[in-house]
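Trainee:
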Amino acid sequence: MEGVPLYGYILLSALMFAIGTAGVIIKRNPIIIFMCIELMLNAANLSFLAFAKYHTAPLATTALEKWNVHMTGQMAVVFVMAVAAAEVAVGLGIIMAIFRMRHGVDIDEMSAMRG
Amino acid sequence: MEFITTSHAEHAPDPVFHWAWLILLAPIAGFLFQAALGRRIELALGRGAGRKLLGFAAVLPVLAGFVVSVLLAIRLAGMDEHSRLVITSWFPWIDLQTLLVPFELRIDPLSLTMCLIVTGVGSLIHIYATGYMAEDRDYPRFFTYFNLFIAFMLMLVMGNNLPLVFIGWEGVGLCSYLLIGYWYQDIENAKAANKAFIVNRIGDWGFALGIFLLYWVYASNQDLLPLGERRYLSFDVILPLAEQVLAGYGPLVVSAIPLLLFVGAVGKSAQWPLYLWLPDAMAGPTPVSALIHAATMVTAGVYLVARTHVFFELSTLSMAVVAGIGAFTALFAATVAFGQTDIKKVLAYSTVSQLGYMFLACGVGAFGAGMFHVTTHAFFKALLFLGSGAVIAAMAHNQDLRNYGNLRKYIPITYWTMLIAWLAIAGIPPFAGFWSKDEILAGAFFSNLVQTPQILWLIGWVTAFLTAGYMTRMMMLTFYGNEERWRKAEAHAHAVHTHEHPHAEHAAHEEHDTAYFLSEDEVRALEEEEHEHHHDLTPEHEPHEVVPSMWLPLAALAVLSLVGGAALSGFNPFAHLLGWHLPHLFEGWNHPSVGLSVLDEASAFRESAAIEWALIGASIGAAVLGIGLFARRYIKGLPGSEAEPQGLQRLAGEQWLYDRTMVRLFVDTGGKFANAFYRIFDSGIIDGIFVNGSAKLMGAMGLLLRRSQTGSVRFYALIIAIGAAVAMSYVIYITTR
Amino acid sequence: MEVQGFGILSLVVLLPVAGAVTALLMPRHLVGFHRWWALLVSGLTLLASLQLYVGFSGNTFHFQWREGMDWLPALGIRYQLGVDGISLWLILLTCLISFLGIWFSFHVKERVKEFMIWLLVLQGAMIGVFCALDLVLFYIFFEATLIPMYFLISIWGGKNRVYSSVKFFLFTFLGSIFMLVAIVALYFISKTATGEGTFDLIALQALAADGRLATGPIEMWLFAAFALAFAVKVPLFPVHTWLPDAHTEAPTAGSMILAAIMLKMGTYGFLRFAFPLFPDAAVQAAPFLVGLSVVGIIYGAIMAAVQEDWKRLVAYSSVSHLGFVMLGIFSLNHNGLTGGTLQAINHGISTGALFLLVGMIYERTHTRLFQDYGGLKRRMPIFATLFLLIMLSSVGLPSTNGFIGEFLAMLGAFQAGANANSAIPLWMPVIAGAGVVLAAVYLLWMFQKVFYGPIRNPVVNRLRDIKPWEQAVAWVFVVFVFWLGLYPKFFTDKMQTSLNAVRHQTLQPPGARPAWADVRTIDINENGDVVVVQREDLNDLGKWTEVAVRTPSEHQPQRLAMGGGDE
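Residue numbers (our numbering), protein chains in the order written: chain A, 6 to 120; chain B, 2 to 738; chain C, 193 to 759.
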């Protein structure tokens with residue numbers, strides 16, 4: 006097999022995830038936080054795809070079975086993307102509502118749920 | 002549901018005994034009639050005609066019961082002496098695999114004796130009440146209760162099993178409650194009614210435990226009972242087998258049964274220590290007092306003891322207790338009667354005292370004599386109460402003896418009839434009271450059931466003397482004396498009920514809701530109607546003799562008080578002492594039910610006619626002495642020193658402080674204790690500490706935890722990231738180890 | 193004998209629920225519709241429940257009108273219903289009280305639609321409690337009754353309604369959560385015993401009848417968990433304090449149902465579940481629980497006597513009266529069990545009616561304090577008469593229903609106590625008798641404070657007597673007071689066999705306990721007293737196998753450890 010080895014994908018995925026996490030924690034703008042969350046989700050997607058491609062499926066014998074194993078990982082990616090899209094739609098809606106109400110979206114000021 | 006009748010006779014019993022149900026059902030029908038239609042009839046026919054009809058309808062069932070009782074008594078008397086027991090049963094009441102309690106009536110001499118008293122004296126009191134209550138606002142309600150009272154009393158005396166007796170037992174308690182609190186707008190009457198019911202209930206507690214104990218004893222000995230018999234509480238099952246069944250039990254059980262039953266009797270028959278309710282029961286209208294005291298209710302205890310005498314006879318201890326309590330109560334109440342200024346209270350304590358006499362008779366084994374005294378007492382006590390009612394009616398409902406005087410001039414019929422009752426209760430021959438009282442005293446003297454019965458006799462003798470004394474005091478103050486004290490009495494301020502308005506703010510509620518509330522006009526009309534025409538005892542007052550419907554019963558009872566005792570006893574003991582062959586009718590009739598009186602059983606002691614003559618002499622002597630001494634003191638009128646009772650007399654009047662102590666101990670202190678208990682234990686400890694305390698503990702923990710919810714999203718994200726990192730590290734650590 | 197699918201019992205359970213769903217779909221402003229609809233549905237349920245009585249045989253202790261089907265077969269949970277002589281009367285009582293409660297709730301003016309819906313849901317759930325034969329199903333119904341009652345109290349209640357409703361919910365929930373744990377434990381125990389776990393009461397009891405369900409300390413703990421749930425519901429001292437608050441604050445129909453039916457779930461639970469499943473533990477715990485009952489009788493009575501709030505007094509009287517029910521049941525002999533069960537019904541009638549009557553006045557005057565009343569009899573003679581009759585039944589006057597129950601319960605307890613080898617000391621029933629005296633004290637005081645004396649309150653002075661339709665509701669109760677009081681045989685006849693079964697299930701040694709799973713092909717041997725018993729196969733319900741030859745307790749009474757002198 007040629008090209009990028011598996012550890013390359015994983016390394017990139019880990020890097021993306023770490024950047025995303027750091028962004029969520031340190032950024033105060035909810036839009037950027039959203040983007041960072043997307044980054045984290047895509048990091049996970051990348052891992053899925055990489056494993057789907059490199060997984061050897063030792064017990065799979067027929068071609069169909071092998072194909073199935075590959076497809077499982079790829080299906081997960083589609084699910085994650087769909088969920089992410091839904092989440093963004095809802096989240097942006099909430100942010101818009103808050104913005105209209107408070108004329109600002111600093112995440113540190115949104116602490117109405119404080120105990 | 003059909004009536005089934007059984008009897009001890011060889012041949013099938015006469016179906017005429019089914020009519021016994023009529024005795025019971027007639028007053029029940031009367032009760033239902035008055036309750037359902039009374040008010041309507043009064044409205045439809047007007048007060049005059051309506052009340053005539055209702056009064057007639059009230060007397061009729063009781064009178065019918067009396068007629069049937071007489072017929073049955075004649076039929077029963079015609080039967081063989083030892084088969085004078087008929088049981089007629091209807092449908093089952095409690096029917097379990099372990100217990101059968103049918104509705105069954107017992108017709109035997111004892112129950113018929115009681116029936117005759119209850120319906121006979123009862124119907125006289127009913128007739129009297131139609132006159133006495135004629136002006137009352139709630140005429141139908143009165144006779145509703147009155148008929149129900151008779152019905153429950155008949156259930157009590159005719160029921161063939163203890164639960165049926167218990168229905169009547171508590172039922173008369175209920176009726177006394179309703180009737181004592183009949184004039185309920187006075188809160189004191191309501192309190193007296195409560196007291197009657199509650200004190201009776203204490204006795205009923207003992208009675209119920211006695212029933213439970215009997216059940217346990219008989220249900221544990223089924224092998225001694227007829228095969229398949231489940232009527233463990235029916236008299237015809239338990240009474241004949243008493244000795245046999247109880248033979249297997251120690252003295253604890255054998256004594257506990259009669260003593261527990263006796264606790265019930267103490268409550269119902271107003272013996273010390275539970276007599277407290279009876280004097281307060283005077284709050285009811287006077288016919289009620291007559292009914293409670295003479296014909297019904299208080300005699301129930303004596304009846305119960307006589308009915309279950311076999312259990313008492315098996316335990317010497319219980320006999321001694323019965324005799325002791327009876328004697329003590331007789332003496333105690335007689336002393337208290339001297340301190341009373343209310344004419345009805347004098348009679349109330351005299352009832353307590355006379356009931357003590359009856360228990361004294363039972364306790365020494367003379368059950369027949371006890372029942373005989375029940376009978377004669379019913380005659381003269383009913384007469385005394387109805388007479389006092391006539392006096393009270395004549396005196397504008399003033400009951401204070403001190404305001405009476407020389408009334409014989411104004412109400413001669415009442416005077417002459419009460420004179421007979423007075424001599425009867427004092428024990429002057431040939432009036433009714435003498436015969437039964439003498440029998441009891443002789444029974445006490447000769448009893449072989451307790452040690453030194455002569456002490457009991459002595460107490461009885463002193464009581465006889467005191468009885469003659471306080472009755473003389475009452476009669477003298479009422480009918481004699483040359484001055485008419487009420488002429489000098491100042492008009493008594495009549496308490497006017499004012500409407501206080503402690504919570505006037507509620508008036509604002511629903512001001513115009515006519516569905517729930519009356520309009521101002523309607524309220525005014527109602528209040529107008531309720532205003533009772535009440536006039537007070539004034540110096541210008543002229544007492545009037547009562548109407549015929551009231552004095553006719555007095556006359557009938559006077560005849561009974563005059564000749565009843567002599568006729569029923571067949572002039573015994575004179576007859577047998579003088580060698581006349583006159584049978585003791587009452588004993589001859591009743592002994593199959595209550596056993597032979599000690600007079601015959603202890604005949605060994607009675608060989609000396611001299612002793613007996615001496616006893617009779619002593620008995621008459623006590624009466625004469627009592628009358629003589631107190632007539633001298635009171636015949637001129639109220640001694641100045643007694644305008645307000647002083648010293649010992651006052652102490653006696655306050656029941657030697659017994660009532661007050663009991664009230665303070667149980668009502669006041671008990672109430673305070675219960676209140677404190679509620680506040681400290683129920684609200685404080687259980688609810689406060691445990692229930693709300695644990696809730697508060699949870700709340701406090703929540704307060705601590707909420708600090709962690711800062712509301713900063715980025716802080717939450719950091720915590721999540723750290724948590725994820727820690728979890729991840731742990732997984733890596735354990736998988737690579 | 194078992195209907196697969198739905199039968200009349202399901203109809204009775206689901207009819208009110210279906211009625212509630214229908215009402216849900218209708219607009220809220222149709223107040224009249226909601227009232228009459230709820231009454232109609234409840235009336236139809238009552239009619240349908242009468243069919244249960246008509247076709248009921250008092251000759252067998254087996255469940256009748258049985259119906260069942262698999263619900264969650266993987267977990268061994270079945271939808272299984274049935275009635276016997278104990279639950280029959282409670283179902284009829286539920287239908288009656290619910291009907292009358294809804295009828296009286298025509299008084300309610302606010303949020304009528306929701307009120308009626310909650311009442312109907314509550315009725316369905318309560319009937320479900322009394323006929324569920326699967327522990328999970330029972331638990332669901334048991335908890336489901338809390339929700340409507342919670343809302344009834346917290347929305348339509350008095351001033352202190354929020355506190356009371358939360359207290360009520362948490363209190364009863366706390367008790368039953370332990371029961372849930374015990375139910376799950378029973379599943380695993382039955383799995384160990386037979387290889388297949390089940391929540392089926394009949395199957396579990398069959399195991400208990402052979403002593404294979406749970407023994408020793410485990411049985412004790414499981415019994416304790418069940419007993420706690422039921423004791424809170426009854427309520428036994430000292431877990432009773434939710435009751436005065438909930439009863440007092442609830443709207444009238446809620447108080448009626450709480451007192452008349454929901455308390456009976458506790459006593460019913462003991463009879464139906466705690467006794468048959470944990471017989472030895474029940475016998476061991478009897479003296480303790482009888483002791484608590486006696487304390488409750490006296491304690492409730494004393495507390496009732498010092499209340500200044502009319503409704504609260506009646507609520508405390510329930511604590512006292514339920515003590516008699518428990519006293520009778522735990523005396524474990526025929527008299528006591530019959531008395532306790534009857535007293536449960538009696539209390540439903542009497543106290544339900546008392547709350548109803550208090551509610552009538554509260555509706556007019558909006559006060560429950562005694563100091564605001566006095567002399568009411570003068571303005572409301574009919575009401576006073578009705579109240580007197582009901583009060584007398586609560587006092588336990590002979591010839592009313594209250595007497596029969598209390599008499600038999602105390603007779604049974606006395607009988608149990610008098611036996612020398614009994615674990616119940618004799619003083620307990622003797623002391624319980626004082627409760628009867630105290631009942632007279634607080635009830636007569638109540639009557640005196642409200643009805644006697646002069647009229648002090650101008651509002652009372654203007655009251656009209658109650659209306660004919662209100663009288664009609666109350667007269668229904670009065671009829672039952674005297675029906676039960678004068679001819680209890682009508683009720684006890686269909687009760688005795690089932691109570692006998694419970695008693696023998698509890699008192700007999702393992703192996704001789706009758707099981708609901710048994711079918712008796714009466715095969716009498718030469719002695720005339722032994723029958724062959726067939727038992728339903730636990731792994732294959734509906735299939736019967738012959739398992740043992742045993743002496744049926746009903747035919748040959750044994751001298752039992754407790755309550756001897758029976759039969």
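Just so it is clear, CB atoms sit at the ideal spot from N, CA and C, and this is done for glycine as well. Since we're looking at a predicted model, the values are computed, not measured.
Taking only beta-carbon positions, decide if VAL201 of chain A is within less than 8 angstroms of chain B.
Mentor: Nothing about residue 201 of chain A can be read from this structure; chain A reaches only from 6 to 120.
Trainee: Please determine, among B:CYS363, B:GLY461, B:ASP343 and B:VAL267, the residue with the shortest C-alpha to C-alpha distance to VAL392 of chain B.
Mentor: Counting from 1 along the second sequence, the entry for residue 392 of chain B is found at position 391. Among B:CYS363, B:GLY461, B:ASP343 and B:VAL267, the Cα nearest to that of VAL392 of chain B is on B:ASP343.
Trainee: Along chain D, in chain order, which residues have C-beta atoms closer than 9 angstroms to that of SER116 of chain A?
Mentor: No chain D appears in this structure, whose protein chains are A, B and C.
Trainee: From which residue to which residue does the beta strand (DSSP E) around MET261 of chain C run?
Mentor: Indexing the third sequence from 1 puts residue 261 of chain C at position 69. It spans 256 to 264 - the beta strand (DSSP E) in which MET261 of chain C sits, taken as one unbroken run.
Trainee: On the DSSP bridge list, what partners appear for VAL275 of chain C?
Mentor: Stepping through the third sequence from its first residue, residue 275 of chain C is reached at position 83. Its beta-bridge partners are C:GLN256.
Trainee: Is the CB of GLU512 of chain B under 8 angstroms away from at least one CB in chain A?
Mentor: Position 511 of the second sequence, counting from 1, holds the residue named residue 512 of chain B. With a pLDDT of 49 at GLU512 of chain B, under the threshold of 50, the modelled position of that residue is not reliable, and the figure given next carries that caveat. Not closer than 8 angstroms to any Cβ of chain A, the Cβ of GLU512 of chain B fails to qualify, so no.
Trainee: Taking VAL122 of chain B and ALA379 of chain B to be in contact with their CB atoms under 8 angstroms, please state how far apart those CB atoms are, rounded to whole angstroms.
Mentor: For this step, residue 122 of chain B is matched to residue 121 along the second sequence. For this step, residue 379 of chain B is matched to residue 378 along the second sequence. Confirmed, about 5 angstroms.
Trainee: Give the straight-line distance between the Cα atoms of PRO471 of chain C and ILE521 of chain C, rounded to the nearest whole angstrom.
Mentor: Along the third sequence, one-based indexing puts residue 471 of chain C at 279. Along the third sequence, one-based indexing puts residue 521 of chain C at 329. Going from the Cα of PRO471 of chain C to the Cα of ILE521 of chain C covers about 13 angstroms.
Trainee: Give a yes or no on whether the C-beta atoms belonging to LEU481 of chain C and MET602 of chain C are separated by under 8 angstroms.
Mentor: On the third sequence, residue 481 of chain C is found 289 positions in, with the first residue counted as 1. On the third sequence, residue 602 of chain C is found 410 positions in, with the first residue counted as 1. No, these two residues do not count as a Cβ contact at 8 angstroms.
Trainee: In the DSSP assignment, the beta strand (DSSP E) including PHE104 of chain B goes from what residue to what residue?
Mentor: The count along the second sequence starts at 1 and reaches residue 104 of chain B at position 103. Counting along the chain, the beta strand (DSSP E) containing PHE104 of chain B begins and ends at 100 to 108.
Trainee: Where do the N-terminal and C-terminal ends of the beta strand (DSSP E) with LEU97 of chain B fall, by residue?
Mentor: Residue mapping note: residue 97 of chain B aligns to position 96 of the second sequence, counting from 1. Looking at the DSSP string, the run of the beta strand (DSSP E) that includes LEU97 of chain B is 87 to 97.
Trainee: In the DSSP output, what is ILE269 of chain C paired with across the bridge?
Mentor: Position 77 of the third sequence, counting from 1, holds the residue named residue 269 of chain C. Its beta-bridge partners are C:LEU264.
Trainee: Label LEU524 of chain C either buried or exposed according to how many other C-beta atoms from any shown protein chain fall within 10 Å of its C-beta, with 16 as the threshold for buried.
Mentor: Your numbering for residue 524 of chain C matches position 332 in the third sequence. Answer is buried; the Cβ neighbour count reaches 16.
Trainee: Any idea if LEU201 of chain C is buried or exposed, counting beta-carbon neighbours within 10 angstroms, 16 or more meaning buried?
Mentor: The residue you call residue 201 of chain C lines up with position 9 of the third sequence. Label assigned to LEU201 of chain C: buried.
Trainee: Would you say GLY532 of chain C reaches chain B, if we count a Cβ-Cβ gap shorter than 8 angstroms as a contact?
Mentor: Mapped onto the third sequence, residue 532 of chain C falls at position 340. Chain B contact via Cβ: absent.
Trainee: What would DSSP say about PRO443 of chain C, mapped onto helix, strand or coil?
Mentor: Locating residue 443 of chain C in the third sequence gives position 251, counting from the first residue. Coil, per DSSP.
Trainee: Using a Cβ-Cβ distance under 8 angstroms, would ARG107 of chain A count as near chain B?
Mentor: Within the first sequence, residue 107 of chain A is the residue found at index 102, counting from 1. So no, ARG107 of chain A is outside the interface.
Trainee: Compare the Cα-Cα distances from ASN222 of chain B to each of B:PHE208, B:TRP657 and B:VAL238 and report the closest residue.
Mentor: The residue labelled residue 222 of chain B in the question sits at position 221 within the second sequence. Minimum Cα distance to ASN222 of chain B is reached at B:VAL238.
Trainee: Which residue wins for smallest C-alpha separation from ASN649 of chain C, given the options C:GLY277, C:VAL246, C:VAL426 and C:PHE562?
Mentor: Within the third sequence, residue 649 of chain C is the residue found at index 457, counting from 1. Closest by alpha carbon: C:PHE562.
Trainee: Below 9 angstroms between beta carbons is the criterion; list the residues of the segment 546 to 574 of chain C that meet it against any residue of chain B, in chain order.
Mentor: Taking 9 angstroms as the Cβ-Cβ cut-off against chain B, the residues of the segment 546 to 574 of chain C that qualify are GLU555, ARG556, THR557, HIS558, THR559, LEU561, GLN563, ASP564, GLY566, GLY567, LYS569, ARG570, ARG571 and PRO573.
Trainee: Give the residues of chain C in contact with ARG278 of chain B, contact being defined as C-beta atoms less than 7 angstroms apart.
Mentor: Mapped onto the second sequence, residue 278 of chain B falls at position 277. As written in the sequence, residue 278 of chain B is Trp, which differs from the Arg given in the question. Per Cβ cutoff of 7 angstroms: no residues; TRP278 of chain B is ~12 angstroms from chain C at best.
Trainee: In chain B, which residues lie less than 7 angstroms from THR26 of chain A when you measure between Cβ atoms?
Mentor: Translated into the one-based positions of the first sequence, residue 26 of chain A becomes position 21. Simply ALA722.
Trainee: Going by the CB atoms, is the gap between GLY540 of chain C and LEU285 of chain C shorter than 8 angstroms?
Mentor: Within the third sequence, numbered from 1, the residue matching residue 285 of chain C stands at position 93. Within the third sequence, numbered from 1, the residue matching residue 540 of chain C stands at position 348. Yes, the pair counts as a contact, with Cβ atoms nearer than the cut-off.
Trainee: Rounded to a whole number of angstroms, what is the C-alpha to C-alpha distance between ALA632 of chain B and ARG474 of chain B?
Mentor: Residue 632 of chain B sits at position 631 when you count from the first residue of the second sequence. Residue 474 of chain B sits at position 473 when you count from the first residue of the second sequence. Straight-line Cα distance between these residues: approximately 7 angstroms.
Trainee: Less than 8 angstroms separating the beta-carbons of ALA576 of chain B and LEU467 of chain B?
Mentor: Walking along the second sequence from the start, residue 576 of chain B turns up at place 575. Walking along the second sequence from the start, residue 467 of chain B turns up at place 466. The answer is no: Cβ separation not under 8 angstroms.
Trainee: Kindly indicate which residue of B:LYS196, B:VAL166, B:ASN161 and B:PRO164 has the alpha-carbon position closest to the one of TYR178 of chain B.
Mentor: On the second sequence, position 177 is the one that residue 178 of chain B refers to. Out of B:LYS196, B:VAL166, B:ASN161 and B:PRO164, B:LYS196 has the C-alpha closest to the C-alpha of TYR178 of chain B.
Trainee: From ALA451 of chain C to ILE647 of chain C, what distance separates their C-alpha atoms?
Mentor: As a working mapping, residue 451 of chain C is identified with position 259 in the third sequence. As a working mapping, residue 647 of chain C is identified with position 455 in the third sequence. Approximately 30 angstroms, taken between the alpha carbons.
Trainee: Is LEU561 of chain C helix, strand or coil when you go by DSSP?
Mentor: In the third sequence, counting from the first residue as 1, residue 561 of chain C sits at position 369. If DSSP states are grouped into helix, strand and coil, LEU561 of chain C belongs with the strands.
Trainee: For the segment 16 to 42 of chain A, list the alpha helix (DSSP H) runs that are entirely contained and at least 4 residues long, ordered along the chain.
Mentor: With a minimum length of 4 residues, no continuous alpha helix (DSSP H) run stays inside the segment 16 to 42 of chain A.
Trainee: Got a sec? Which residues, its chain only, sit under 8 angstroms from VAL245 of chain C by beta carbon, not counting five neighbours each side?
Mentor: If you number the third sequence from 1, residue 245 of chain C lands on position 53. The identity of residue 245 of chain C in the sequence shown is Tyr, whereas the question assumes Val. Only LEU280, LEU284 and LYS686 meet the Cβ criterion.
Trainee: Specify the secondary structure class of ALA722 of chain B as computed by DSSP and reduced to three states.
Mentor: On the second sequence, residue 722 of chain B is found 721 positions in, with the first residue counted as 1. The answer is helix: DSSP assigns ALA722 of chain B an H, G or I state.
Trainee: Strictly below 9 angstroms CB to CB, what residues from chain C border ALA301 of chain B?
Mentor: Numbered from 1 along the second sequence, position 300 holds the residue referred to as residue 301 of chain B. Correct list: empty, because the minimum Cβ distance to chain C is about 14 angstroms.
Trainee: Any chance the segment 618 to 627 of chain C sits against the segment 563 to 581 of chain C, with 3 or more Cβ pairs inside 8 angstroms?
Mentor: No, the segment 618 to 627 of chain C is not in contact with the segment 563 to 581 of chain C.
Trainee: Any idea if ASN185 of chain C is buried or exposed, counting beta-carbon neighbours within 10 angstroms, 16 or more meaning buried?
Mentor: Lying outside 193 to 759, the shown extent of chain C, residue 185 of chain C is not represented and no answer is given.
Trainee: In this structure, does DSSP put ASN251 of chain C in helix, strand or coil?
Mentor: Here residue 251 of chain C refers to the residue found at position 59 of the third sequence. Reduced to three states, the DSSP call for ASN251 of chain C is coil.
Trainee: Taking 6 angstroms as the limit between beta carbons, can you name the residues of its chain near THR543 of chain C, skipping five residues before and five after?
Mentor: Taking the first residue of the third sequence as 1, we reach residue 543 of chain C at position 351. Same-chain partners within the cutoff: ALA451 and SER510.
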